[in-house]
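>
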Amino acid sequence: MSIINLPLTALELGFAVSLACSLLLVLTTRWHGRYSLDATHGVQKFHITPTPRVGGAAIMLGLWLSLGVLPEAQQELLLPVLVAAMPAFVFGLAEDLTRKVSVRARLIATIASGVCCWGLTGVTLLHIGIGPLDMMLTWLPASVLFTAVAVGGVANAVNIIDGFNGLASGTVLIGMAALGIIAQDAGDANLAQLCFVICAVTAGFFVVNFPFGKLFLGDGGAYLLGFLLAWLSVMLVYRNPLVSPWAPLLACGYPVFETVFTILRRLWCRRHPGHPDSWHLHSLVKTAIVARFLRGLPAPLRNACVSPVSWLVALVPAMMAVRFAAVPEALLQGVLASFLLYLSVYAFVVSAWWARRRRIKRSDPPSAVVLGQQDRPLAQRVL
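Following our numbering, the numbering of the sequence shown begins with 1 at its first residue and continues without gaps.
1. Output yes or no for whether 9 angstroms exceeds the beta carbon distance between threonine 110 and glycine 226.
2. For aspartate 38, list the residues DSSP reports as bridge partners.
3. At the level of alpha carbons, what is the spacing between serine 143 and proline 300?
4. Are there 16 or more other CB atoms within 10 angstroms of the CB of cysteine 116, so buried, or fewer, so exposed?
5. Would you check if the distance between the CB atom of alanine 251 and the CB atom of alanine 200 is smaller than 9 angstroms?
6. Go ahead and label phenylalanine 15 buried or exposed: buried means 16 or more other beta carbons lie within 10 angstroms of its beta carbon, across all protein chains shown.
7. Do the segment 161-171 and the segment 124-140 make contact, defined as three or more Cβ pairs closer than 8 angstroms?
8. Is isoleucine 182 near alanine 247, with beta carbons less than 9 angstroms apart?
9. Compute the Euclidean distance between the alpha carbons of leucine 229 and alanine 85, then round it to the nearest angstrom.
10. For the alpha helix (DSSP H) containing proline 87, name the first residue and the last one.
11. Should valine 149 and valine 158 be called a contact, given that it needs their Cβ atoms to be closer than 9 angstroms?
12. Here's the rule: buried if 16 or more other CB atoms are within 10 angstroms of the residue's CB, otherwise exposed. What is arginine 381?
13. So, does the segment 86-99 touch the segment 238-247, judging by three or more C-beta pairs under 8 angstroms?
14. Taking the alpha-carbon positions, what's the glutamine 184 to serine 233 distance?
15. Comparing alpha-carbon positions, which option in Ala189, Leu312, Thr49 lies nearest glycine 33?
16. Excluding the 5 residues flanking glutamine 75 on each side, which residues of the same chain have their C-beta closer than 7 angstroms to its C-beta?
17. Taking proline 273 as the reference, which of Leu281, Thr262, His280 has the closest Cα?
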């Protein structure tokens, strides 16, 4: 099967609807901005202009309208997934509009979406290539719970990396495209087409978000895209037994690595794993590299320059997933190598940040004040 044989109507419609809705949300900010604008203060905030954070609504609308023009076989695959995604999306959107939905409530909502999707499709993870866990997954309740928690974890992981223009949506595009190519190579044309349609819808938002950051994905959009990425990974393995479960894990590698390392780092520093900080890889790239070498650019473009670094970290494991989709031994080595790559990049950026802090301390007071404002979220040492 070739990509040119995809249902171009669905691809074009999804992209156009998502793009048009994204632009409309930007142009009508004066009416909904009271509820939708993202604040510029906070430990993980780097933008300087209040920006609507409801881009997930444009993506959801694009998906639902694309559904109507898909072939029947693909509609049967996508419809229950979109219905099941509603708890994750609604709780995320509620947080975008009210700022009052707790992290725990949103995590439970994403897990509930996973359980709901199992109820609608009967799809679960049946094996992951680890003997004791595979035995546990033969028991249906354990399989459903494990699948739902894994899906909720990936959804929250995408939300964690949603920090700069194009970062989360670009990472999802990479991962979803990898899943589509793997499904295509496995002969699963319907699932491959769904992956590419979701890519097209996401791209409609992406061109408004990157590079100038006129519209943010928000929690609703991040949870929605994260859930779709995770559940299509589950479907890929369930529908294609020759595809190793490690392949979709690598396709989702960067957000998973970021989340696992963040939890371990915060526990090591005796901090609550759910408390935000500005020691994520993307935050450090901004303050250690972009703020030093690209400070002459406008602020939105400086924020956008962070994303390509993280995309490279996401692209390497995704390419390994495509290349070795049916070779578990190679994929396991790829997971280890990709995680080491992530840690190496993180260590390099941390060293660059400390070097920059030392230069600031040696500078004159006015210069230190100006640069210190850019690094203010990192002023509190958490390592």
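No residue lacks a Cβ here, since even glycine has one placed at the ideal position from N, Cα and C. Just so it is clear, the structure is predicted and the values come from calculations on it, not from any experiment.
So, from the data block:
1. Yes.
2. Aspartate 38 is bridged by DSSP to Thr51.
3. Rounded to the nearest angstrom, the two C-alpha atoms are 44 angstroms apart.
4. The residue in question, cysteine 116, is buried, as its Cβ has 16 or more Cβ neighbours within 10 Å.
5. Not a contact, by the Cβ cut-off of 9 angstroms.
6. By the neighbour-count rule (16 or more Cβ atoms within 10 Å), phenylalanine 15 is buried.
7. With the cut-off at 8 angstroms, the segment 161-171 and the segment 124-140 do not touch.
8. Cβ atoms of isoleucine 182 and alanine 247: closer than 9 angstroms.
9. Approximately 11 angstroms between the Cα atoms of the pair.
10. For proline 87, the enclosing alpha helix (DSSP H) begins and ends at 86-98.
11. No, the Cβ-Cβ distance between valine 149 and valine 158 is not below 9 angstroms.
12. Legend: pLDDT at arginine 381 = 35, less than 50; position of this residue unreliable, no value from coordinates given.
13. No, they do not touch.
14. When only Cα atoms are considered, glutamine 184 and serine 233 end up about 13 angstroms apart.
15. Among Ala189, Leu312, Thr49, the Cα nearest to that of glycine 33 is on Thr49.
16. So the qualifying residues of the chain are Leu67.
17. Out of Leu281, Thr262, His280, Thr262 has the C-alpha closest to the C-alpha of proline 273.
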